[in-house]
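J.: Here it is: the structure, laid out below.
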Ligand SMILES: [Zn+2]
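Residue numbers (my numbering): 282 to 575.
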């Protein structure tokens, strides 16, 4: 089952990556001048290391899932739900415990942040950025997944279904694509939209600490971490690693978690004034390049 899951997940990753890369060519959000192949190469290196690191944890996860199902352990075994509601509730709980919660914690706990910030150092956010996670962050994510399986009592098929949806959403929300304003807004009422997640990739606080969700936006709305901002006002990356020599080099990125913690250059109260501001209606597909992203 592990081999099957890993193979299918790799195929889905490759398929959705190609689909959103094509879409980026048709409806780009920002015209970013960067070495796309080199950039993609760095980010794909991280997915290869992540898959390698996650294999033993995936083995534990599948067996844990099998065990909780046979012994009827976990929240889902305590209630009788119609199948469709069972699937929705199960996916929502998995989304909360394996995405929103660990993401929030990684932004608050300094040693965890140093692993996660490798993802945030990307100054050219596109669909490949979805895969840019330090192997150490992958270990943290897999531990949250195993805990989630025991709390929820998620059967293997539900865990696999959630993983497929989560991977696709991550590629979708990082993709450098411009959806019609109304469509993006409508999506963001229940799900994470591409524009919503771009706000999370702004280089300074307080926007970096908003929009933590992966599939559902309801967690951000519920816990007041939801934010909107005009995408054309955003600058991708992280203010503590503005030097390209540090964020565009594989060796440097791998050792970031073991370097000294760097406090945000911009204190939260001096962050962007457009925090929580509503986006102005705009249907322009191509926006003028942001100077710091050239
Ligand atoms: Zn983050």
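Idealized CB from N, CA, C, for every residue including glycine.
1) State yes or no: is the C-beta of residue 390 within less than 9 Å of the C-beta of residue 413?
2) For residue 411, is the classification buried or exposed, using 16 other Cβ atoms within 10 angstroms of its Cβ as the cut-off for buried?
3) Just the C-alpha distance for residue 472 and residue 448, rounded to the nearest angstrom, thanks.
4) Might you give, ordered along the chain, the residues of its own chain that have their beta carbon closer than 8 Å to the beta carbon of residue 564, omitting 5 neighbours on each side?
5) Give me the residue from 358, 368 and 441 with the minimum Cα distance to residue 339.
6) Cβ-heavy atom distance between residue 397 and ligand 1 below 8 Å?
7) Is the beta carbon of residue 315 within less than 8 Å of some heavy atom of ligand 1?
8) So if DSSP puts residue 458 in a beta bridge, which residue, or which two residues, is it bridged to?
9) Hey, out of 513, 467 and 474, whose CA is closest to residue 494's CA?
10) Quick one, which of 500, 477, 540 and 543 has its alpha-carbon nearest residue 513's?
11) Please list, in chain order, all residues of the same chain as residue 325 whose beta carbon is under 7 Å from its beta carbon, the five residues on each side excluded.
12) With the cut-off set at 9 Å, would you say residue 388 and residue 418 are in Cβ contact?
13) Check this for me: beta carbons of residue 499 and residue 401, under 9 Å apart or not?
14) So, helix, strand or coil for residue 507, using DSSP?
15) Leaving aside the five residues before and after residue 537 along the sequence, list all residues of the same chain whose C-beta is less than 7 Å from its C-beta, in chain order.
16) Let me check you understand the geometry: is the CB of residue 493 closer than 8 Å to at least one non-hydrogen atom of ligand 1?
17) Would you verify that the beta carbon of residue 531 is, or is not, closer than 9 Å to some beta carbon of chain B?
18) Tell me whether residue 542 sits in a helix, a strand or coil according to DSSP, three-state version.
19) So what's residue 554 in DSSP terms, helix, strand or just coil?
20) Taking the alpha helix (DSSP H) that residue 391 belongs to, which residues open and close that run?
21) For a test of the three-state rule: what should DSSP assign to residue 493, helix, strand or coil?
22) What did DSSP end up calling residue 565 once you bin it into helix, strand or coil?
23) For residue 388, does the three-state DSSP call read helix, strand or coil?
24) Starting from residue 317, follow the alpha helix (DSSP H) in both directions and report where the run begins and ends.
25) So, under 8 Å CB-CB, residue 309 and residue 466 are touching, yes? Tell me the CB distance rounded to an integer number of Å.
26) Among 288, 311, 379 and 427, which one has its Cα closest to the Cα of residue 348?
T.: This is what the structure holds:
1) Residue 390 is not a Cβ neighbour of residue 413, given a cutoff of 9 Å.
2) Residue environment analysis places residue 411 among the buried positions, since at least 16 neighbouring C-beta atoms fall within 10 angstroms of its C-beta.
3) Note on geometry: alpha-carbon atoms of residue 472 and residue 448 lie some 14 Å from one another.
4) Per-residue confidence for residue 564 stands at a pLDDT of 29, beneath the threshold of 50, marking its modelled position as unreliable; no derived number is given.
5) It is 441 whose Cα lies nearest to the Cα of residue 339.
6) Inclusion of residue 397 in the 8 Å shell around ligand 1 follows from its C-beta lying nearer than that to a non-hydrogen atom of the ligand.
7) No, the beta carbon of residue 315 sits no closer than 8 Å to any heavy atom of ligand 1.
8) DSSP output for residue 458 lists 309 as bridge partner(s).
9) The shortest Cα separation from residue 494 among 513, 467 and 474 belongs to 474.
10) Comparing Cα-Cα distances from residue 513 to each of 500, 477, 540 and 543, the minimum goes to 477.
11) The residues are 409 and 412.
12) Not in contact: residue 388 and residue 418 (Cβ atoms no closer than 9 Å).
13) At the C-beta level, residue 499 and residue 401 stay beyond 9 Å of one another.
14) The answer is coil: DSSP assigns residue 507 none of H, G, I, E or B.
15) Closer than 7 Å at the Cβ level, and outside the excluded window around residue 537, lie 395, 398 and 399.
16) Relative to ligand 1, the nearest heavy atom lies less than 8 Å away from the CB of residue 493.
17) As a matter of chain content, chain B is missing from the structure shown, which is built from one protein chain.
18) Correct three-state label for residue 542: coil.
19) Note that residue 554 scores a pLDDT of 42, beneath 50, so its modelled location is shaky and nothing firm can be said.
20) Counting along the chain, residue 391 sits inside the alpha helix (DSSP H) bounded by residues 391-401.
21) In the structure shown, residue 493 falls within a coil segment according to DSSP collapsed to helix, strand and coil.
22) For residue 565, the pLDDT reaches just 34, beneath the cut-off of 50, and the residue's location in the model is therefore unreliable, leaving the point undetermined.
23) DSSP, reduced to helix, strand and coil, places residue 388 within a helical segment of the structure shown.
24) Segment 317-351, the alpha helix (DSSP H) holding residue 317.
25) The pair is not a contact, with the Cβ atoms about 19 Å apart (cut-off 8 Å).
26) Here the closest residue by C-alpha is 427.
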